[in-house]
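A.B. asks: This is the structure I want to talk about, given as structure tokens.
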Amino acid sequence: MTTRAFIGLGSNLDAPAEQLRSALLALDQIAESRLAGASALYTSDSLLLGQPRYTNAVAALDTTLAPLDLLDALQAIENDQGRVRNERWGPRTLDLDILLFGDQVIDVPRLQVPHYHMHARPFVLYPLAELVAGDFCLADGRALAQLLEACPFVGLERL
Ligand code: ROI
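Under the working numbering, think of the first position of the sequence shown as 6, with each following residue one higher.
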């Protein structure tokens, strides 16, 4: 069965826009998966003071992989693109998050879907809105339109 997953991409080190472009190519190369769409790139200040600005985007990926196999594939791409895991929330060359996996709600130690913080992050919600219909709802039932209303397009720059 094919599932449409939405992947959040983020980078704030080593030419972030280039990181995101090569990550999109890599997403399309994941086994049993096909890149079905990608938002524009957006830049915004980090939620943490003192870090470089982030570039973010969202991709739609059609896949027959199981969620944890997709997570493995995403972490392999992060590692390929030089991600070094040191401090939590630290600056990174590439961050790939499973935001949504079809209409599944997943809560295991390695993976929480819908992604915990997506509901309040403009750099996730606005790019996601480019890829879905106006009446789109998250797997937990929340309407994207309402989340957008509560999350003003402030501090985001669409490239
Ligand atoms: N801030 C922005 N703008 N974009 C991110 O992807 C992002 N990711 C993070 C923290 C440090 C919370 N801030 C961010 O992990």
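Note that CB positions come from ideal geometry on N, CA and C, so glycine has one too. Here the structure is a predicted model, which means the values were calculated and not measured.
#1: Please classify D102: is it buried, with 16 or more other beta-carbons within 10 angstroms of its beta-carbon, or exposed?
#2: Would you identify the three-state DSSP class for V89, choosing helix, strand or coil?
#3: Where does Y121 land, buried or exposed, given buried means 16+ other C-beta within 10 angstroms?
#4: First and last residue of the beta strand (DSSP E) that includes R173?
#5: Measure the CB-CB distance between F158 and Y131 and report whether it falls below 8 angstroms.
#6: First and last residue of the alpha helix (DSSP H) that includes V26?
#7: Alpha carbon to alpha carbon, how far is Q109 from N84?
#8: M6: which of L133, P72, D100 sits nearest, CA to CA?
C.D. replies: If we stick to the structure as given:
#1: Looking at its Cβ environment, which holds 16 or more other Cβ atoms inside 10 Å, D102 is buried.
#2: Looking at V89 - three-state DSSP - the assignment turns out to be coil, as it is neither helix nor strand.
#3: With fewer than 16 other Cβ atoms from the protein chains shown falling within 10 Å of its own Cβ, Y121 counts as exposed.
#4: Since the first residue of the chain shown is 6 and the last is 164, residue 173 is not available in this structure.
#5: Y131 sits close to F158, with the two beta carbons spaced by under 8 angstroms.
#6: Note that residue 26 corresponds to Arg in the displayed sequence, not to Val. In the DSSP assignment, R26 falls within the alpha helix (DSSP H) that extends over 21-33.
#7: The straight-line gap from Cα to Cα measures roughly 26 angstroms.
#8: Ranking L133, P72, D100 by Cα distance to M6 puts P72 first.
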